Amino acid sequence: MSEAPARPLPQPTDLTRPYWQAAARGELHMQHCGACGRWQFYPRPFCIHCEADALQWRAVSGLGRIYTYTVNHRAPNAFMKARLPYVVAIVELDEGPRLMANVLGNAVDQAGIGKRVKVTFEAVSEEVALPQFVLLE
């Protein structure tokens, strides 16, 4: 009997660690600029809008819309082969930033541009949970 393939896991850095720590608690956090008030993702050491370094990690609602998506029928690694087919989407959060994540559930048949989604978290180890999304009714 062969062992199931391991899932590739993110490797947090000093810059991304707050994001992954929040995800492990079941919270979606993004960087918010104290100077201009804008949100951003992915993490950076300065604001992409005004170049200030007044960034804070704050919780976002986890609600958004599918900006674009694809249905994957080919797995990028052995772990994902068992999940075929699956949906990968760019989700535009209500706060503005966009991020890429899987859409779980009946998304292969139901996903569409503009469909509302909410974040959920898939615990993949004791330290790591991956933000994923599910369709809202």
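Take 1 as the starting number for the sequence shown in UniProt numbering and just add one per residue. Quick reminder that beta carbons are idealized off the backbone N, C-alpha and C, glycines included. Just so it is clear, the structure is predicted and the values come from calculations on it, not from any experiment.
Would you say residue i and residue j are within 7 Å of each other, going by their C-beta atoms?
i	j	result
ILE48	ILE113	no
HIS29	ALA35	no
LEU104	VAL134	yes
GLY64	ASP94	yes
LEU15	GLN31	no
PHE79	ARG7	yes
TYR69	ALA111	yes
Assign residue i to buried or exposed, taking buried as 16 or more other Cβ atoms, counted over all protein chains shown, within 10 Å of its Cβ.
i	result
LEU9	exposed
LEU99	buried
ALA89	buried
GLY96	exposed
ALA82	exposed
ALA52	exposed
Among the options, which residue has its Cα nearest to the Cα of residue i?
i	options	result
GLU92	ALA78, VAL71, PRO43, LYS118	LYS118
PRO5	VAL124, LEU136, PRO131, LEU130	VAL124
THR13	ARG25, ARG44, GLY37	ARG44
PHE46	ARG58, CYS33, GLY37	CYS33
Which residues mark the beginning and the end of the alpha helix (DSSP H) in which residue i is found?
i	result
LYS81	78-81
ALA107	107-110
ARG98	Looking at the DSSP string, ARG98 is not in any alpha helix (DSSP H); the run it does join, the beta strand (DSSP E), is 98-104.
TYR19	17-24
Using the C-alpha atoms, what's the distance from residue j back to residue i?
i	j	result
HIS73	ALA101	16 Å
VAL60	TRP20	14 Å
ALA24	PRO131	9 Å
VAL71	TYR86	6 Å
PRO76	CYS50	37 Å
GLY26	TRP39	19 Å
Where does the unbroken beta strand (DSSP E) through residue i begin, and where does it stop?
i	result
TYR69	63-72
GLN11	Per DSSP, GLN11 belongs to no beta strand (DSSP E) and is neither H nor E.
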